[in-house]
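Asker: Sequence lines, in order, name chains A and B. The numbering of the first sequence is my numbering, which starts it at 4 and goes up by one. The numbering of the second sequence is my numbering, which starts it at 287 and goes up by one. Just so you know, even glycine gets a beta-carbon here, dropped at the ideal spot from N, CA and C. Remember, it's a predicted structure, so these values are computed and weren't measured experimentally.
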Amino acid sequence: GNSVTQMEGPVTLSEEAFLTINCTYTATGYPSLFWYVQYPGEGLQLLLKATKADDKGSNKGFEATYRKETTSFHLEKGSVQVSDSAVYFCALRSGPGSARQLTFGSGTQLTVLP
Amino acid sequence: GAVVSQHPSWVICKSGTSVKIECRSLDFQATTMFWYRQFPKQSLMLMATSNEGSKATYEQGVEKDKFLINHASLTLSTLTVTSAHPEDSSFYICSARAGTEAFFGQGTRLTVV
Numbered sequence: 004g005n006s007v008t009q010m011e012g013p014v015t016l017s018e019e020a021f022l023t024i025n026c027t028y029t030a031t032g033y034p035s036l037f038w039y040v041q042y043p044g045e046g047l048q049l050l051l052k053a054t055k056a057d058d059k060g061s062n063k064g065f066e067a068t069y070r071k072e073t074t075s076f077h078l079e080k081g082s083v084q085v086s087d088s089a090v091y092f093c094a095l096r097s098g099p100g101s102a103r104q105l106t107f108g109s110g111t112q113l114t115v116l117p
Numbered sequence: 287g288a289v290v291s292q293h294p295s296w297v298i299c300k301s302g303t304s305v306k307i308e309c310r311s312l313d314f315q316a317t318t319m320f321w322y323r324q325f326p327k328q329s330l331m332l333m334a335t336s337n338e339g340s341k342a343t344y345e346q347g348v349e350k351d352k353f354l355i356n357h358a359s360l361t362l363s364t365l366t367v368t369s370a371h372p373e374d375s376s377f378y379i380c381s382a383r384a385g386t387e388a389f390f391g392q393g394t395r396l397t398v399v
């Protein structure tokens with residue numbers, strides 16, 4: 004079955020530090036890959052996505068590249084801000100049909116200190 | 287992007303009572319919605335897939351009679367936690383698909399006392 008393994012947190016960084024959150028996956032076929040962000044007390048918001056190998060998703064300074072050879076989709080940001088403090092989820096979607104569901108990683112809590 | 291509205295944002299109820307959570311797609315029609323449960327510091331666990339006009343599909347280990355799902359229209363799905371107990375306290379999140387993308391409600395924090 005499908006699974007997502009995500010770097011365990013919590014992660015604490017100083018403002019302007021470089022961020023990497025590792026994510027690897029197991030899936031049948033060719034999944035689409037996602038990063039979602041959850042701010043305190045809120046639902047999930049799509050941060051970025053990639054639908055095929057070597058695609059790079061990017062948004063708000065965050066980037067992740069779909070690496071089929073290493074089955075990875077690591078999230079990176081060159082310079083984090085306090086406002087980036089949130090929980091980040093890696094996810095994949097794979098399988099037939101229009102109601103394909105998302106499989107999530109365990110989430111990584113990021114705290115950015117001023 | 288598409289908007290999914292979930293209500294209430296939080297609710298406190300007594301043990302033994304039932305609680306209904308609504309999930310609405312505000313600007314699109316959703317034939318399929320998903321209900322997730324999130325435990326503290328853990329990932330989202332899919333509870334069930336809600337299909338408009340038909341019975342929901344529950345994941346293994348989720349009690350159908352306890353978590354009643356009704357998807358009566360293309361814009362509304364409801365989750366009713368029946369005879370709630372403290373162990374049902376959790377964060378419940380719904381999701382709806384618009385095209386190829388999933389949009390999430392803001393979640394409902396349920397506390398059973």
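So which residues on chain A does phenylalanine 325(B) lean against when the C-beta distance must stay under 8 angstroms?
Answerer: Residues of chain A passing the Cβ test: none, with the nearest at roughly 10 angstroms.
Asker: Would you list the residues sitting across from glutamate 308(B) in a DSSP beta bridge?
Answerer: His293(B) and Thr364(B)
Asker: Let me check you understand the geometry: is the CB of threonine 335(B) closer than 8 angstroms to at least one non-hydrogen atom of the ligand SAM?
Answerer: Absence of the ligand SAM is noted for the structure shown, with no ligands found whatsoever.
Asker: With DSSP as the reference, label glutamate 405(B) as helix, strand or coil.
Answerer: Residue 405(B) cannot be examined here, being either before or after the span of chain B that is shown, 287 to 399.
Asker: According to a CB-to-CB cut-off of less than 7 angstroms, which residues of the stretch 362-381 of chain B neighbour chain A?
Answerer: Ile379
Asker: Starting from the beta carbon of serine 109(A), find every residue of chain B whose beta carbon is closer than 7 angstroms, and list them in chain order.
Answerer: Counting only Cβ-Cβ distances below 7 angstroms, serine 109(A) has contacts in chain B at Gln328 and Ser329, in chain order.
Asker: Here's the rule I'm using: 16 or more other beta-carbon atoms within 10 Å means buried, otherwise exposed. How should tryptophan 38(A) be labelled?
Answerer: Of the residues assessed, tryptophan 38(A) falls on the buried side of the cut-off, its CB having 16 or more other CB atoms within 10 angstroms.
Asker: Which residues in the same chain as leucine 360(B) place their Cβ atom closer than 6 angstroms to its Cβ, once the five residues preceding and following it in sequence are excluded?
Answerer: Answer for leucine 360(B): Gln315 and Glu338, listed in chain order.
Asker: Taking the alpha-carbon of aspartate 313(B) as reference, which of Leu362(B), Tyr378(B) and Val398(B) has the nearest alpha-carbon?
Answerer: Looking only at Leu362(B), Tyr378(B) and Val398(B), the smallest Cα-Cα distance to aspartate 313(B) is reached by Leu362(B).
Asker: For serine 295(B), which residues in the same chain have their Cβ closer than 8 angstroms to its Cβ, ignoring the five residues on either side in sequence?
Answerer: Gln392, Gly393, Thr394 and Arg395
Asker: Using only the alpha-carbon positions, how far apart do alanine 53(A) and leucine 105(A) sit?
Answerer: The straight-line gap from Cα to Cα measures roughly 14 angstroms.
Asker: When we look at the beta-carbon of tyrosine 28(A) and count the other beta-carbons within 10 Å, is it buried (16 or more) or exposed?
Answerer: buried
Asker: Given this structure, state the Cα-to-Cα distance separating serine 336(B) from histidine 77(A), to the nearest angstrom.
Answerer: Looking at the two C-alpha atoms, the distance is approximately 31 angstroms.
Asker: With a threshold of 7 angstroms on Cβ separation, who are the neighbours of glutamine 84(A) within its own chain once the five nearest residues in sequence on each side are excluded?
Answerer: Excluding residues within five positions, the ones whose Cβ falls inside 7 angstroms are Glu18 and Val115.
Asker: Given glycine 110(A), which residues of its chain have a CB within under 8 angstroms of its CB, disregarding the five upstream and five downstream residues?
Answerer: Gln9, Gly12, Gln41, Val90, Tyr91 and Phe92
Asker: Name the one or two DSSP bridge partners that alanine 316(B) has.
Answerer: DSSP, once it has assigned bridges, lists no residue as partnering alanine 316(B).
Asker: Applying the 10 Å Cβ sphere with the 16-neighbour rule, what's the burial state of tyrosine 378(B)?
Answerer: Burial call: buried.
Asker: According to DSSP, which residues form a beta bridge with valine 7(A)?
Answerer: Tyr28(A)
Asker: Going along the chain, which residues of its own chain have a beta-carbon closer than 6 angstroms to the beta-carbon of serine 311(B), five neighbours each way excluded?
Answerer: Val290, Thr361 and Ala382
Asker: Expressed to the nearest angstrom, what Euclidean distance is found between the alpha-carbon atoms of lysine 71(A) and cysteine 380(B)?
Answerer: 30 angstroms
Asker: Comparing the C-beta of phenylalanine 353(B) with each C-beta of chain A, is any distance below 9 angstroms?
Answerer: no
Asker: Is glutamine 112(A) helix, strand or coil when you go by DSSP?
Answerer: strand
Asker: Under 8 angstroms Cβ to Cβ from valine 348(B), same chain only, skipping five residues before and after it: list those, please.
Answerer: Met333 and Ala334
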